[in-house]
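Working notes, beginning with the structure itself.
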C-alpha cells in the first residue's frame, strides 16, 4: 500500500483510533455495536465493506457515519439501472480553451466512497468498480489515475430478488473484505432514534477523529501485526475446509484467505494486542468468507454465515 506523501505527526496508538472511530459511529448507529465493530475492522484491514439489509435499517447511515468520523474526501454514488461507468470513474472532456481533452474525476476519487444500492447498477457499471477496489486506481483512455490513500469503499445492497436488482458477480464479491447484515434495531434503540439520540439527526454531531494520513499509517501498521505460523496454518485450514464442504459449490479463493488474515490482524489491533490469536480468526472468518463462497443455490450471505461458522467450530484451532 502506498503511504501518503504529506507529512504526518507521530501517529497515535491504533487501538485508540479504533476506539474513537467505534464511539463516533455508534452515536448514529444505535443498537448495532456488532455491525459498527465489523465496519471498523474492515476499515483498519484496508479492505472494503458490503452492507446488506432491507431499506430503512441504516445501511447508508453507517457509511455516512464512517465518512464523517474518518474525515478526508467523501464520495457518493447512487446506483440506478441507467448509471454509466463514467458516472463513477470520471471521463475525459474536451476543453475548447486549451484544445485538449482533460480528465474530470468521478466520485470514486475519495477516501471514503459510498456506493448506495450497488446491486441496482447494471453489470457493466458494477464492473467499473473492480479496478478501483483491487488496485486503487482508474484507467481512462489508456491513462492510469491513482485514487487517494486510503481508499475505503462501503457498498450497500438490497437483498437480491427485490425489484430492480442485479446479482453481484463473484469477482466483485471477492473484493469485499467483510460483509454485514443490518437488521431492525431493538425497541430501546429505536426509541433512542425517535427521541433524536441517534439516526440521521446525529450525523452532524460526528466530527472527524482521525485524518486520512494518520489512517493510512494505522492500516500499514495493522499489516505488520505478528501472526505465528500455526495461526497462518489455521487460516489455511479454514479456507481449505470451505473448498471441501458438501454444501459449498465453490470455496474461498487465495485472496479470501489473505483477507481473513488482514481482518484478523485488524481485530487483534482493535482488541489491544500486537499479535494474532486463533480467536481473532474465529471472530472475523464468517464475515470475511460468507459472501465469497458459492453454495448449491448460489451466493447466500445468511446461509454462508451459517456454513462458515460451522466450519470454524469444526476445524481444530492451535493453542494460543
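In the numbering used here, the protein residues as written are 1 to 320.
Note that the Cβ used here is the ideal one computed from N, Cα and C, for glycine as well.
Bear in mind that the values here come from a model prediction, so they are computed numbers and not experimental data.
query: With 16 other Cβ atoms within 10 Å as the buried cut-off, status of residue 94; result: exposed
query: For residue 140: DSSP bridge partner residues; result: 143
query: Beta-ladder partner(s) of residue 116, from DSSP; result: 78
query: Nearest-angstrom beta carbon gap, residue 116 and residue 60 [assumed within contact, 8 Å]; result: 6 Å
query: Contacts around residue 8, its chain only, beta-carbon distance under 7 Å, and the 5 residues preceding and following it disregarded; result: Interpretation of residue 8 is limited by its pLDDT of 49, a score under 50 that renders its predicted location unreliable; the figure taken from the coordinates is listed afterwards. Excluding positions up to five away in sequence, the list reads 213, 214 and 217.
query: Alpha carbon of residue 178 to alpha carbon of residue 228, nearest angstrom; result: 23 Å
query: Validate contact between the stretch 89-105 and the stretch 171-187 using beta carbons, cut 8 Å, 3 pairs; result: no
query: Touching by the beta-carbon criterion (3+ pairs, under 8 Å), the stretch 12-23 and the stretch 105-124; result: no
query: Inter-residue CB distance, residue 285 and residue 238 (contact presumed, cutoff 8 Å); result: 6 Å
query: Span separating the alpha-carbon of residue 75 from that of residue 38; result: 21 Å
query: For residue 99 and residue 158, the rounded distance between their alpha carbons; result: 44 Å
query: Stretch pair the stretch 275-283 + the stretch 63-78: three plus CB contacts closer than 8 Å; result: no
query: Inter-residue CB distance, residue 126 and residue 172 (contact presumed, cutoff 8 Å); result: 6 Å
query: Neighbourhood of residue 203 by C-beta, 7 Å cutoff - its chain only, sequence neighbours within 5 removed; result: 28, 64, 65 and 68
query: DSSP beta-bridge partners of residue 298; result: 295
query: Cβ neighbours of residue 24 in the same chain (closer than 6 Å, five flanking residues each side left out); result: 69, 206 and 209
query: Separation of residue 220 from residue 3, as counted between CA atoms; result: Low confidence applies to residue 3: its pLDDT is 39, below 50, so where it sits in the model is not reliable enough to give any reading.
query: Nearest-angstrom beta carbon gap, residue 168 and residue 323 [assumed within contact, 8 Å]; result: The structure shown does not extend to residue 323, since the chain is modelled only from 1 to 320, so the question has no answer here.
query: Chain-order list of residues whose beta-carbon lies under 6 Å from that of residue 266 (same chain, five-residue window excluded); result: 41, 44, 45 and 222
query: One or two residues paired with residue 234 in a DSSP bridge; result: BP columns for residue 234 are empty, so no partner.
query: CA nearest to the CA of residue 316, picked from 254, 230, 262 and 188; result: 230
query: Beta-carbon separation (whole angstroms), residue 22 vs residue 35, contact threshold 8 Å; result: That pair is no contact at about 11 Å.
query: Buried or exposed by the 16-neighbour rule on C-beta atoms within 10 Å, applied to residue 261; result: buried
query: 8 Å contact criterion, which residue 259 and residue 288 should meet: CB distance rounded; result: 5 Å
query: Closest residue to residue 48 among 256, 106, 268 and 140 (Cα-Cα distance); result: 256
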